Each structure stands twice: as structure tokens, then as C-alpha cells.
Amino acid sequence: MKLDGFVWKGFYLPLFFVLLVGPNIVFSQCQKINSCSCRLPSGIIDLSPIGSGNPLYKDLKATQFPDDFLYSWNPCKPFTGEGSCTDVAVCQKSTDGQTTYSLGSQDSAAFGGDNNTVTLGYTGPAPDNRQSEIALTCTSGATQFTVLGEDTSASVYKFELKSPCACPGSSGSCGSSGISGGWIFVIILVVVLVVYLVGGVLFMSLVKKASGAERIPNVEFWKDLPVLVKDGAVLVISPCRKEGKYDSI
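Residue numbers -28 to -1, 1 to 221, in mature numbering (1 follows the signal peptide of the UniProt record, and there is no 0), belong to the letters of the sequence shown in order.
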């Protein structure tokens, strides 16, 4: 059977293209692994290192007016709060604590978005079926959770999590604050000082056959150190004085 150009271009060419590239298609949407992790082509986003509490983020106010509710969220594990917030992931509560709503359980967790924007959403129980959505923003700084509040146009309650744990392929320690550069310097300085003193004492004792205070390496320097520190402090804190005297001609 002879195929004209229209049939070839309209059917067989697209089919050939699909068969050719189909096995190599990579879906960019974050595929759910569990309630606090999903997989992207660039790596896994895992929120579990952030930690959990009862809940971890509790009774936070919305930043968007006129939402005046209080919100609580616990990543990965359910928590039980007041009223209807039993075994939930997100809880909404009035400021007087008399009204509560579940904004979703861990079982309802669903990931959306792609490499650029990943969201974690929850759906509450009937009849309200209130929805919540957390925008996961990859940052290199400390983890921050912000309550944005109700988006009336979309009938959803929105939040934002800025964290290194929101970065695909982040390490398991992304939830910790880590040690600052200043503390690293102090630790290195202390280690070097201990090695210097211990090694110096051993060298002076075993090789130089010194005894008493003479076993301390550079002992004269350490004796003069308090005086040197005092002189340096006086030089720094003392005002500079200029002599207003001139030699007589």
C-alpha cells in the first residue's frame, strides 16, 4: 500500500519521533517517595533532617492581611494539637483557640512543581477539605518557615520553607546549623596550642634535659607575654598625643 506524503507526515513521522526519544524522556516533576521526600532528576529533596516536634513550628501568625489565624506545621511526622487537629501535618487555629481546622495529614502529602519550584501540599478531611501548600525554596542559609496565609483566589493556605534541605541532593546534615567559621578557627587554634605545648614540653624534657619551668618551650616569651599584652592594650586605648613644642632658634 502506497502512503502519500500527508499520511507519512501526519501519522508515521510523529510515531517515529515518539519511539525514538520516548525511552529518553525525563519527567521533571518531583516524584513522591514518602511524606517528606521526593525525587527529581537532579537529586532527592529530603526534609527529614530538619527535625520534628509536637509540632516543630507552632502557632505562627500569617504575614498576609487579613488572615488572623494561627498555624502549626510538623514535617514528616503527624502531631496532635487542639480540637480537630488530631494526627495532622498542618493545623489552623483561631487566636482564642476555640476554632481549629485540619489542613491536611501526612498521608495526604503530595509534591508538585519541578526543578525550579517544588511544592508540598496537604488536603484536610471532609466536609471542609481545606488545602495547604508549602513552597520549598532552596537556600544556603539557615532554615526558615514562614506562614503566608490564605490565598482567597485559590482557596488554599500557603507557606514557605527556605532551607538547604529543600535543595535536590542535599546532605543529611542540611537541617543542622553547623559550626561557624569563628568557632572552627578557635578549635584549630586550641588544637595547635595544645600540640605546641605538649610537644614542646616533651622535647625540652627528653632532648634538652630541661627541668622545672625551663621545660616550657620559649619560656622567656611566656614570662614576658603579660607585659606585652599590657603594653599593647595601653597603646590601643590611650589617645594619641602630639607634642606642640618646637625647638628654639
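By construction, the Cβ of each residue, glycine as well, lies at the ideal position given by its N, Cα and C atoms. Computed from a prediction, not measured in an experiment: that's the story for all the values here.
- For the 8 Å CB-CB criterion, G172 and I159 do not form a contact.
- Residue burial is scored here from C-beta neighbours: P21 has at least 16 other C-beta atoms within 10 angstroms and is therefore classed as buried.
- For D31, the three-state secondary structure derived from DSSP is strand.
- Taking a contact to require three or more Cβ pairs closer than 8 Å, the stretch 1 to 9 and the stretch 76 to 84 qualify as touching.
- In the DSSP assignment, I209 falls within the alpha helix (DSSP H) that extends over 191 to 209.
- V128: member of the beta strand (DSSP E) spanning 128 to 135, first to last residue.
- Within the model, the alpha-carbon separation for G96 versus A126 is close to 15 Å.
- Around the Cβ of Y73, a 10 Å sphere holds 16 or more other Cβ atoms; the residue is buried.
- Rounded to whole angstroms, the Cβ separation of L32 and P47 is 14 Å, and the two are not in contact under 8 Å.
- By the Cβ neighbour-count rule, S210 is exposed, with fewer than 16 other Cβ atoms within 10 Å of its own.
- Inter-residue distance for A98 and S56 is about 12 Å (C-alpha atoms, whole angstroms).
- Within the same chain, and ignoring the five residues on either side of I16 in sequence, the residues whose Cβ sits closer than 8 Å to its Cβ are I5, S9, C10, P140, G141.
- From the listed residues Y43, S112, A107, F41, the smallest Cα separation to F83 is found for A107.
- Rounded to whole angstroms, the separation of the alpha carbons of S112 and M176 is 48 Å.
- With 16 or more neighbouring CB atoms inside 10 Å of its own CB, F41 falls in the buried class.
- Our two residues, T109 and Y129, have alpha carbons roughly 17 Å apart in a direct line.
- For R11, the three-state secondary structure derived from DSSP is strand.
- Cβ atoms of D86 and Q1 come within 8 Å of each other, at about 6 Å.
- 8 Å or more divides the Cβ of W45 from the Cβ of F157.
- Short of 7 Å from the beta carbon of D59, and not among the five residues preceding or following it, lie these beta carbons of its own chain, in chain order: P50, T52, S77.
- For the set A81, L133, V119, S143, the Cα lying nearest the Cα of T89 is the one of L133.
- Around the beta carbon of A81, 16 or more other beta carbons lie within 10 angstroms, which makes this residue buried.
- A straight-line Cα-Cα distance of about 25 Å links D196 and V179.
- Close CB contacts of E105 within its chain, under the 6 Å cut and outside five residues either way in sequence, are with T91, G93, V128, K130 (chain order).
- In the structure shown, G172 falls within a helical segment according to DSSP collapsed to helix, strand and coil.
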